[in-house]
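Read through the structure below, which is laid out as structure tokens, and then see the notes.
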Amino acid sequence: MAAAVPMRLAGLLGLGLASRTRPNPKPHLSCAFSSSTISAPLAADRVREDESGLLSRRLLRLRFRSPRGAAAAAIERWARERVHISQPELRRAIAMLRRARRYEHALEIFSWMESCNSLQLSSWDHAARLDLIAKAYSTSQAEEYYNKLQSPAARQAASFPLHCYVTERNVQKAEYFMAQLQSHGLPVDPHSFNEIMKLYVATCQYEKVLSVIDLMKRNNIPRNVLSYNLWMNACAEVSGVASVQSVFQEMLNDETVEVGWSTYCTLANIFRKNGLNTKVQACLRKAETKLSPTGRLGYSFVMTCYAALNDSDGVMRLWEASKSAPGRIPTANYMTAMLCSIKVGDISQAEWIFGSWWIEKAERLHLHMLEKGACPNYKTLMEGYVQSRQMDKAVGCMKKGLSLLKSCHWRPPLELMEAIGKHFEEQGNFDDAYRYIKVLRRFNLTSLPLYKSLIRAYINADVVPPNILEMIAKDQIDMDEEMDRLIILAGKIDITCNG
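Under mature numbering (1 follows the signal peptide of the UniProt record, and there is no 0), the letters of the sequence shown match residues -18 to -1, 1 to 481, in that order.
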């Protein structure tokens, strides 16, 4: 099947995003202005978003391989210019640099913050710093950093080293680390137990998952949604579907937990592996009702479950539903939708989704160029919208393009004009079709296929067409046999030729 996928689509689906890291030594920086310019905690300081955005853009302008200390120098200049710089601003800048994979630059900001003596790093700061060290250098260096932490807030960042061990599937270190946490009297929350259970599931040690659940129960540690999902997966492997249903019932009775789409997806996968397809469909339908209309997080997961069932309708239903959520569709969602379409054998659908993806990119570029004062190019957008069957947007582009015809020599291609006429015909929108023809007549752009679409729109709506024959005659368009038949058919609804 993969051989049938067009080369451009296949190439895209094969792309991997590998993070680039450089083993540079950790920078040592000093703060060149009074620490009183640093504001107190995040909740106490509301930072203007435009100011934070300006700082982020300044940092992103740094070259990827800038000299060591460039990010800290940029922060210091910013502080001098603004007189005031807040901890939330710095955290937003760090988060932005993490997303851009500028790990060393983000670490420079942490070092700069640390050099300001009155500034206390929170557990979030330490966890983020551990993450950056692991990505920029290695897990062992992140572990060394964690071992040097002394304050209680710093030690609360313990979940990150554990996450690193889980990622590396290092069972021995993860178990030792959990034991150390408990021996030092540090609180072990459900998140840490979930991490160790994820490791046991990944290494097929399902019995140990059940032991962790028993330990949580004995120590009155609450279980969250992920805890129950991991527990059900382990039960499915150890003792079968009946025990899974028992755990699910316990989850329903737990008033501290809200059953959501992830749990129903977990159940669907378990039932599918056991051949219980009726229950699979019921779980997935229930999962759909739990999806948020304001976020896309769960849509791809449910879509993947439908793809595993070879359910093409389910895949497309979830894809269309996900597009109604506000905001830009992430690249990962496009990738998931394409892969699911290929999995169910719908290559044409995957190609269409791929086209929609590139149309969205073209839209963003088009808007960016308009903001810069460039001359708009509606032809390319129209072609993309027509090819991806986004006809409402194609009509919008045609309207904007036609509004420019008086001041330029460009004319829309005939096939695009006829595609939009066909769209009005299929929608039965005879009013818009008639107005469309009237605009085209001003520029001598009408054609016989356009008039055919117009008269079909009236016939389909069982509405008497206006002066179409007179318009055709004035435009000096030759009739053919098909048009003659349409005229006869329209005559049954008392077609008139009054001007």
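Where is the CB? At the ideal position from N, CA and C, for every residue including glycine.
If you follow the alpha helix (DSSP H) that residue i is part of, which residue opens it and which one closes it?
i, result
"M399", "L396 to Q409"
"D295", "S294 to K305"
"R73", "Q69 to R81"
"D113", "S105 to A118"
"V223", "V223 to N235"
"P143", "S141 to E150"
"D466", "E463 to G473"
"C217", "V207 to V220"
"S122", "T121 to K130"
"T267", "Here residue 267 turns out to be Arg, not Thr, going by the sequence shown. Looking at the DSSP string, the run of the alpha helix (DSSP H) that includes R267 is N259 to T271."
Are the CB atoms of residue j and residue i within a distance shorter than 8 Å?
i, j, result
"L112", "A88", "no"
"V297", "S323", "yes"
"G277", "A319", "no"
"E452", "S429", "no"
"Y416", "I402", "no"
"L79", "A56", "no"
"F412", "V445", "yes"
"R124", "E86", "Looking at the sequence shown, residue 124 is not Arg but Ala. No, the pair does not count as a contact, with Cβ atoms beyond the cut-off."
"I67", "A110", "no"
"E237", "Y188", "no"
"M214", "L249", "yes"
"M380", "P394", "yes"
Using C-beta distances below 6 Å, list every residue in its chain close to residue i, excluding the 5 sequence neighbours before and after it, in chain order.
i, result
"A269", "W243, Y246, C247 and V284"
"H10", "With a pLDDT of 32 at H10, under the threshold of 50, the predicted position of this residue should be treated as unreliable, and no value is reported."
"K325", "A289"
"L300", "Y281, V284 and M285"
"F175", "V194 and M198"
"Q331", "S323"
"N251", "none"
"residue 485", "Here the chain covers residues -18 to 481 and nothing more, so residue 485 does not appear."
What separation, rounded to the nearest whole angstrom, lies between the Cα atoms of residue i and residue j?
i, j, result
"residue 484", "M461", "Residue 484 falls outside the range modelled here, since the chain spans only -18 to 481, and no answer is possible."
"V143", "I178", "Reading off the sequence, residue 143 comes out as Pro, not Val. Rounded to the nearest angstrom, the two C-alpha atoms are 12 Å apart."
"E63", "T149", "42 Å"
"residue 523", "L163", "Not covered by the structure: residue 523. The range shown for the chain is -18 to 481."
"E464", "R424", "26 Å"
"P204", "V241", "15 Å"
"W334", "N256", "34 Å"
"L432", "K404", "8 Å"
"D328", "D107", "46 Å"
"V239", "L103", "32 Å"
"V421", "K434", "16 Å"
"W60", "A52", "12 Å"
"I91", "L72", "7 Å"
"V153", "S338", "44 Å"
"L436", "E408", "10 Å"
"V207", "N235", "13 Å"
"Q231", "L321", "34 Å"
"R83", "N426", "54 Å"
"F253", "R267", "14 Å"
"M160", "A314", "33 Å"
"A455", "D374", "30 Å"
"V229", "V223", "10 Å"
"P447", "R81", "58 Å"
"N129", "Y158", "14 Å"
On the three-state DSSP scale, how would you describe residue i?
i, result
"N426", "coil"
"A443", "coil"
"G280", "coil"
"G242", "coil"
"C98", "coil"
"G327", "coil"
"S93", "helix"
"C154", "Per the sequence shown, residue 154 should be read as Gln rather than Cys. In this structure, Q154 counts as helix in the three-state DSSP scheme."
"P172", "helix"
"I454", "helix"
"Q187", "coil"
"S193", "helix"
"N251", "helix"
"P308", "coil"
"I459", "coil"
"residue 511", "Examination of residue 511 is not possible in this model, given that the chain is present from -18 through 481 alone."
Enumerate in chain order the residues of its own chain whose CB-to-CB distance from residue i is below 8 Å, with the five nearest sequence positions on each side excluded.
i, result
"L273", "W243, G280, Y281, V284 and A303"
"G410", "A439, N442 and A443"
"R151", "L181, A184 and T185"
"I459", "T428, S429, L430 and Y433"
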